[in-house]
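K.L.:
The structure follows.
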Amino acid sequence: MGTTSDGDRPWQSYHTAYTNAKAGMEGVDKEKVQRIIYEMSKGSKYFENEKRKEAYIRQKVENLRAQCAKLTDKDMPHFQEARKFGVRAAMPGFIAHKLCPDLVFVPTNFEKYTYYSELTRKVFRRYDSDFIATSLDEAYLNITEYCNERGLSGEEVAAELRNNVYEETGLTCSVGVAPNRLLAKVCSDINKPNGQYILPNDRKAVMTFISSLPIRKIGGIGKVTETILKDVLGINTCEELLQKGAFLCALFSHCSTDFFLSVGLGLGRTDTPEHKLRKSISSERTFSSTGDEPLLLQKLADIAETLSNDMQKECIWGRTLTLKLKTASFEVRTRAVSLQKFIQSKEEILTYASKLLKAELPLSLRLMGLRMSQFRDDKCGPLDPRQKTLASFVVSGDVTASATFSDKHQICDAQTDLSVHRESSASNDDKISLSYEKNDVLASDQLSCGLRYASTSADGIENMGNECSGKCDYVETENEMIRNFSGHKTIAASSQKTEPSWVDGYICSICGIEMPPSFIEERQEHSDYHLAEMLQEEESVYVTEHLTQERSVRKAPQAKENARKKQKTSPKGGKHIPIDAFFIKGKKSL
DNA sequence: GCGGATCAG
DNA sequence: ATGGCTGATCCGC
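Each residue of the first sequence is one higher than the one before, starting from 462 at the first, in my numbering.
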């Protein structure tokens, strides 16, 4: 990154960094880059072949076994010592049990956690009434206003906050104060047990902080991403994310590149996203491996029941059911089905779940799970999806209202580009950009804070944590500029009501697929497909599942292609499950 | 939409 | 006897 005066807004540098990285790519041909990457990846266990996972797993097993065998009682003090200092040794329960046969496992007590969590939130509310709770034990709050009103520094407020939390709950906590949430989270980890760390809202300070920061510290960069970046590209710190921007552009999607570069610049979100609604609900269970069909079905019934119960508690009805399997050899599979109606009852869930399962058997399994998604949004109502969409359309009265989360903030104070934001959020997919998403920047007088706390209580409330960060007075969103390069987002819910005709007797007028006149059935199916597609598109204009729609819209050409292929090949093809759901043909039911 | 995978708490 | 479970997201198809 070149010269930047303090007056620079980070996003300007971001844009520069991005275009530089891109420009760096232009002179180079992709093959060459890929060759370089390939060279770099030699010695990395990551890109070698598909066997890597297997090898990795085998090695891990061996390590664990060896570890377990080596451990004796004399190791115990070591771990006890570690615990005393709050170091959490990652230790599987069975090893712990082997080490310490008398070990007492304290059962979880969520009522208690919720109670204490609520107490802490009461404190947070006094600092920021709109704070973001990310879990029972973590929250982000914007303390900008609080600081300004009282003429306090971030450091003072953090100390006061921790103190208040301690007095009112008896729990200690750790706090990080930083210009945005991404950084606040990192900061909250630095002085972990019962401490705080303040990163000034100062361009230089942020860049210095970032320059030596290991990438793994960043939320969103996990074990796998770290390995890839490290082994293949030699990226260890956030600063290097910028330096190797061109490679990132070559290797990763736009979205990911976007995210990586913004991390390299220390950018993060500062908005207060709309309350997120649950999108799926699931239940799964691990058991000792078995291939016994009746037994598996029994277990499946149990899981269906708990899922159904959970759904009833929350008043949820869903129409996409996903079966998750883990084989005895630890291979994980999922099989899903989307229905035309919303279901909730244990019987119905089981009906479809067992169809999915039976299609996979025989198989020896160690885990089964069921997930329900695609909820009906008006709770406890009638059964037809269409009713849902119409109803919610009438209620919301605004299609864009369904582009739920993460956009509201852009209206709040982003004076300038309002229309751009709006437009882009309505026609770009929120889903994709949710976690690697927009990089908003605080104005220089902003301050926000992250906080994390850990319980000192002995009964297992251990390790509750909390993070805070802030809202903004000023938001600049960057991605539009970049995203708009990529052009094709136009899709009208076109009302091309024409049935497909066969140009020259064999070319589909809509998609161009070629199909000889003798393929009568196939042609009929093909026409049906386009018809259904049309209907679906028309409907989806009003549908509340905006995200889904946009996704499919964005990828429309491929999606269609695939749908066609599937349709042609699937009836006899192995994995396709013939449950009523596939609404490619509108008339098919059961 | 589906399926495989990653990540976080 | 790979920690397990829940939920979310991404990517390619």
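We treat Cβ as the ideally placed atom computed from N, Cα and C, and that holds for glycine.
Going by the DSSP bridge assignment, what does residue 785 pair with across the sheet?
P.N.:
DSSP, once it has assigned bridges, lists 795, 830 as partnering residue 785.
K.L.:
Tell whether a beta-carbon distance below 8 Å holds between residue 782 and residue 478.
P.N.:
No. Outside cutoff.
K.L.:
Select from 745, 613, 646, 600 the residue whose C-alpha is nearest the C-alpha of residue 626.
P.N.:
Selected option, being the one with the closest Cα: 600.
K.L.:
Would you identify the three-state DSSP class for residue 714, choosing helix, strand or coil?
P.N.:
In this structure, residue 714 counts as coil in the three-state DSSP scheme.
K.L.:
Taking only the alpha-carbon atoms, compute the straight-line gap between residue 481 and residue 700 and give it to the nearest angstrom.
P.N.:
Cα to Cα, residue 481 sits roughly 15 Å from residue 700.
K.L.:
What does the Cβ neighbour count give for residue 947, buried or exposed, with the cut at 16 atoms within 10 Å?
P.N.:
In this prediction, residue 947 scores a pLDDT of 25, lower than 50, which makes its location untrustworthy; the coordinate-derived value is nonetheless stated afterwards. With fewer than 16 other Cβ atoms within 10 Å, it is exposed.
K.L.:
Measure the Cβ-Cβ separation of residue 615 and residue 667 and say whether it is below 8 Å.
P.N.:
No, Cβ-Cβ distance for residue 615 and residue 667 is not below 8 Å.
K.L.:
Go ahead and label residue 705 buried or exposed: buried means 16 or more other beta carbons lie within 10 angstroms of its beta carbon, across all protein chains shown.
P.N.:
Under this definition residue 705 is a buried residue.
K.L.:
For the alpha helix (DSSP H) containing residue 810, name the first residue and the last one.
P.N.:
Residues 807-819.
K.L.:
On the DSSP bridge assignment, give the partners of residue 742 in chain order.
P.N.:
Residue 742 is bridged to 833.
K.L.:
Can you give me the C-alpha to C-alpha distance between residue 658 and residue 583, rounded to a whole angstrom?
P.N.:
Near 23 Å, if we compare the C-alpha coordinates of residue 583 and residue 658.
K.L.:
Would you report the Cα separation of residue 820 and residue 752, rounded to the nearest angstrom?
P.N.:
When rounded, the distance between both Cα atoms is 14 Å.
K.L.:
Going by Cα to Cα distance, which pick from 780, 609, 797 is closest to residue 804?
P.N.:
Comparing Cα positions, the closest option is 780.
K.L.:
Are the beta-carbon atoms of residue 655 and residue 633 separated by less than 8 Å?
P.N.:
Cβ distance < 8 Å, so residue 655 and residue 633 count as in contact.
K.L.:
May I ask which residues mark the beginning and end of the alpha helix (DSSP H) holding residue 698?
P.N.:
Run containing residue 698: none; DSSP gives neither H nor E here.
K.L.:
Can you give me the C-alpha to C-alpha distance between residue 483 and residue 686, rounded to a whole angstrom?
P.N.:
Using only the alpha carbons, I get a separation of about 21 Å.
K.L.:
In this structure, does DSSP put residue 590 in helix, strand or coil?
P.N.:
Three-state DSSP puts residue 590 in coil, outside helix and strand.
K.L.:
Give a yes or no on whether the C-beta atoms belonging to residue 831 and residue 757 are separated by under 8 Å.
P.N.:
Cβ atoms of residue 831 and residue 757: not closer than 8 Å.
K.L.:
Using the rule of at least 16 other Cβ atoms within 10 Å of the residue's Cβ for burial, across every protein chain shown, is residue 776 buried or exposed?
P.N.:
Its Cβ having fewer than 16 others within 10 Å, residue 776 is exposed.
K.L.:
Nearest by alpha-carbon distance to residue 743: which of 765, 733, 725, 755 is it?
P.N.:
Among 765, 733, 725, 755, the Cα nearest to that of residue 743 belongs to 765.
K.L.:
Looking at the structure shown, is residue 478 part of a helix, part of a strand, or coil, going by DSSP?
P.N.:
Three-state DSSP puts residue 478 in a helix.
K.L.:
Taking buried to mean at least 16 other C-beta atoms within 10 Å of its own C-beta, is residue 562 buried or exposed?
P.N.:
Its Cβ having fewer than 16 others within 10 Å, residue 562 is exposed.
K.L.:
I'd like to check one pair, residue 750 with residue 815: are the Cβ atoms closer than 8 Å?
P.N.:
Not in contact: residue 815 and residue 750 (Cβ atoms no closer than 8 Å).
K.L.:
Give the DSSP-derived three-state secondary structure of residue 723 in the structure shown.
P.N.:
Here residue 723 sits in helix by DSSP.
K.L.:
Where does residue 566 sit, in a helix, a strand or coil, going by DSSP?
P.N.:
Coil, per DSSP.
K.L.:
Would residue 761 and residue 828 be called neighbours here (beta carbons separated by less than 8 Å)?
P.N.:
No, the Cβ-Cβ distance between residue 761 and residue 828 is not below 8 Å.
K.L.:
Whose C-alpha, out of 610, 707, 747, is nearest the C-alpha of residue 763?
P.N.:
The residue with the shortest Cα to Cα distance from residue 763 is 747.
K.L.:
Alpha carbon to alpha carbon, how far is residue 624 from residue 653? Give it in angstroms, no decimals.
P.N.:
Answer to the nearest angstrom: the Cα atoms are 15 Å apart.
K.L.:
Going by the DSSP bridge assignment, what does residue 596 pair with across the sheet?
P.N.:
Residue 596 pairs with 599.
K.L.:
Leaving out five residues on either side along the sequence, give the residues of the same chain with a beta carbon under 6 Å from the beta carbon of residue 811.
P.N.:
These residues qualify, in order along the chain: 762, 765.
K.L.:
If you draw a straight line from the C-alpha of residue 767 to the C-alpha of residue 755, how long is it?
P.N.:
In a straight line, the C-alpha of residue 767 is about 19 Å away from that of residue 755.
K.L.:
Along the chain, where does the alpha helix (DSSP H) that runs through residue 608 open and close?
P.N.:
Taken as a continuous stretch (DSSP letters only), the alpha helix (DSSP H) holding residue 608 covers 605-611.
K.L.:
Across which residues does DSSP place residue 747 in a beta bridge pair?
P.N.:
BP columns for residue 747 point to 828.
K.L.:
Which word fits residue 644, buried or exposed, when buried means at least 16 other C-beta atoms lie within 10 angstroms of its C-beta?
P.N.:
Looking at its Cβ environment, which holds 16 or more other Cβ atoms inside 10 Å, residue 644 is buried.
K.L.:
For a test of the three-state rule: what should DSSP assign to residue 734, helix, strand or coil?
P.N.:
Correct three-state label for residue 734: coil.
K.L.:
Could you pull out every residue in the same chain whose Cβ sits closer than 6 Å to the Cβ of residue 581, ignoring the five residues on either side in sequence?
P.N.:
626, 630, listed in sequence order.
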